[in-house]
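Visitor:
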Amino acid sequence: MRWIKFRYNQILLFTLILMAILFVRLFGLTVVEGSEWAEEAQSISTKRVYSSAPRGEILDRYGRLLAANRPSFTVIFSEGNLKDEEINRQALELMNLLEQNGDSINDNLPIILNPDGSFYYTYQKAIEEWLESQAMPSNYTAEQAFNEIRQRNGIDEGLDKYEAQKQLQNVYSIYPPISVVNMKYLQDLEKEGFMGRYYLDYDLTAEEAFKALREHFKIDPALSDRDARKIMVVRNELAAQGYMSYIPATIASDVCSETIITLEERGSEFSAVDVIAESVRYYPNGTTASHILGYLGKISESEKESYLEKGYSASDMVGKDGVEKAFEEVLRGIDGVKHVEVNVLGDPVRTISETKPKKGKTIYLTLDLELQKTAEAALEQALEKIRTAGTFESVYGNYKYGRAYKNAKVGAVVAIEVETGDVLAMASYPAFDPNLFATGISKEDWDSLQSENPRDPLAPLPLFNVATRTAVQPGSTFKMVTATAALESGLDPKRELRDGGAVRSGNRTYGCILWNMYGGNHGYLDLYEAIEVSCNYYFFDIATGRDFYRGTSLGLKERMDIEKITHYAEQYGLGLPTGIEITETVVPVPSEERKMSARKNYLRNVLIGRAEMYFDKETVEDKELLMEQINTIVSWTEENPSRNTILERLKKLGI
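If you use my numbering, the sequence shown corresponds to residues 1 to 655, in order.
#1: For I58, tell me which candidate among L296, L365, E563, V49 has the shortest Cα-Cα distance.
#2: Taking the C-alpha atoms as reference points, what is the distance between E488 and H567?
#3: Locate the beta strand (DSSP E) running through N435, then write down its first and last residues.
#4: Tell me which residues share the same chain as I334 and place their Cβ nearer than 7 Å to its Cβ, disregarding the 5 neighbours each side in the sequence.
#5: With which residues is A502 paired in a DSSP beta bridge?
#6: What's the C-alpha gap between E305 and L66?
#7: Which residues in the same chain as K409 place their Cβ atom closer than 6 Å to its Cβ, once the five residues preceding and following it in sequence are excluded?
#8: Give the secondary structure of L213 by DSSP, where H, G and I count as helix, E and B as strand, and everything else as coil.
#9: For F23, count the other beta carbons within 10 Å of its own beta carbon; 16 or more makes it buried, fewer makes it exposed. Which is it?
#10: State the start and end residues of the unbroken alpha helix (DSSP H) segment that holds E265.
#11: I need the straight-line Cα distance from D156 to S597, nearest angstrom please.
#12: Considering only the alpha carbon of each residue, which of K320, A431, K406, V340 lies closest to K373?
#13: Please classify T578 as buried or exposed, where buried requires at least 16 neighbouring CB atoms within 10 angstroms.
#14: Short check: CB of N398 to CB of T388, under 8 Å?
#15: Going by CA-CA distance only, name the one from G511, Y528, L527 that's closest to N521.
#16: So, using beta-carbon positions, are D433 and L497 closer together than 8 Å?
#17: So which of Y175, A530, E384, L436 has the shortest CA-CA distance to V280?
#18: For the alpha helix (DSSP H) that contains Y172, what are its first and last residues?
#19: Roughly how many whole angstroms lie between the Cα atoms of N114 and D225?
#20: In this structure, how does DSSP classify Y50 when only helix, strand and coil are distinguished?
#21: Looking at I292: is its Cβ nearer than 8 Å to the Cβ of L367?
#22: Can you grab the Cα-Cα spacing for the pair L458 / N631, in whole Å?
#23: Quick check: the Cα distance between F327 and V318, rounded to an integer number of angstroms?
#24: DSSP on S553, reduced to helix/strand/coil?
#25: Just verifying my parser: in three-state terms, what is the DSSP assignment at E93?
#26: Starting from the Cα of T585, find the closest Cα among V634, K161, Y175, S257 and give me that residue.
#27: Entirely within the stretch 522-607 and at least 3 residues each: give me those beta strand (DSSP E) ranges in chain order.
#28: Based on DSSP bridge pairs, tell me the residues matched to I334.
#29: Quick one: give me the first and last residue of the beta strand (DSSP E) that S279 is part of.
#30: Touching or not, the stretch 248-257 and the stretch 96-114, by the rule of three or more beta carbon pairs under 8 Å?
#31: Measuring CB to CB, does G336 end up less than 8 Å from T355?
#32: Mark E240 as exposed unless 16 or more other C-beta atoms lie within 10 angstroms of its C-beta, in which case mark it buried.
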């Protein structure tokens, strides 16, 4: 045993003993206990369970709730390591269950199956419907449509396409579904993204693409096209996650109790399916302040890349308008995730790790909820009474409208704290219920919120914020600008001027409200009284520097003219963004050029919106001929022809 005294031999012996022990143990695990451990390994796996973070609340200036969250249950699907056959089986059974219980399904598959068995893309149909709403030929390219809109709204031809788009959005609140970067319809870009996801040829018909997807997802050929499409809806949601495919896809939100119970009872049949508790946006006051709060929506195909880079899931709901959009990054929370072991039935065995979701931050607005409700109620009542020549009633007195204006269907009210500029109330009519968007709006509800006549710029549009996005004349509020310009020109605010009722300029008469309604006048007024009663005649005097009643000059130290009034309008900030956080339309201070352009745009839009009233059926159906005749009529505005000349020209056009 002398050899064992050597250290090298000792190490060798120790190593051999360890190897023998390991060999015996491995033999036991693989041969003796192999089947037992294999069964155990198959019975346990791990998965991640994600929980969405609640959005931050939105409160009014006094802490009253404007937007909150309510608990709901969401169905999610995770393919894990399942084979295609099993994924498809669970997907089909899940879709059948959801349909049976009337749950709302996240169906974003852009291939629709008609009742007669034919197929179509939602993309092309959306483009055709938009072109029809704009009275444009159905074969118009994106570039042709964009140039048509530019022309209709008098956008300077010298502006490049990016500046033209900016002016359409900021000045006219027009958002055509066109990407000016490459002059394509947004729907076409979304189609490119969808087809590219599955490496399909862009020019495939809807039916060809559907067949290709059946093969791609290895869907049983024995299944009907309708059942195959149900499977595709789920598989498409999973594929839309992109490189974040480890995150389960949301298949249905706010599901009913019957669905929850069934999935719990049949858990072993739905190993890829989970029901999680999460929050859904809730607006307790319904339509109140809807244009301020905005609404949520699903991430579109064109937005997906940018949102995924920020850590969003493809199925997340994000702010699309109003405060919800402006403060998306503040209101959004941080999602939680739980890493758990589950057995073969999909039941959790133990939690490996867990990160709790973190709620978004709370936002306080300057809004006064009760004042907002009062403003909206008063606005709705006033418009109804104006349409019917009724009596507006309030605690401050009643007002009887002298005649009916049946088209008075749109309006706005804004109340501002004078000392701070805080917006206390901002009402726009008609309104909408943002709760419709909380889990994804249905096509029926979306259609109900569209304009009755997209070609009529004055038609009611519930989603449109009249208060911030309508480019209209400021009315009597502009008298503050005129008064300031006159004071700076030397007007004595206590100087009294006689209200003569009406001023005649050229072939037009401009009257005070008392003159227009009753043939009366306000008598003598100084600046304070003229502002109090909003006397038009007084402001005709000081705007021109002339006493129309006496026919003499006011003798101001400095001349009053358009340039001076425009200067003070700019000093007041007109033509500049107000700084309000939600979307607004910014219109430059008026000029002769803009006045002519606005006149053309208004006439063009009125003729387009009421084409059926002014043109014969054949012309209306021929979009190119219709636009040719409309543009011809609009061009006459630069000549300012007489009424008889206009009638003669219309007769030659066959109108």
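Where is the CB? At the ideal position from N, CA and C, for every residue including glycine. Bear in mind the structure is a predicted one, so any value in this text is a computation, not a measurement.
Guide: Taking the definition as stated:
#1: L365
#2: 12 Å
#3: Taken as a continuous stretch (DSSP letters only), N435 belongs to no beta strand (DSSP E), as it is neither H nor E.
#4: A53, P357, K358
#5: G511
#6: 31 Å
#7: P460
#8: helix
#9: exposed
#10: 257-265
#11: 9 Å
#12: A431
#13: exposed
#14: no
#15: G511
#16: no
#17: L436
#18: Taken as a continuous stretch (DSSP letters only), Y172 belongs to no alpha helix (DSSP H), as it is neither H nor E.
#19: 11 Å
#20: strand
#21: yes
#22: 20 Å
#23: 10 Å
#24: strand
#25: helix
#26: Y175
#27: 523-525
#28: K358
#29: 273-282
#30: yes
#31: yes
#32: Checking the displayed sequence, the identity of residue 240 turns out to be Ala instead of Glu. With 16 or more other Cβ atoms within 10 Å, it is buried.
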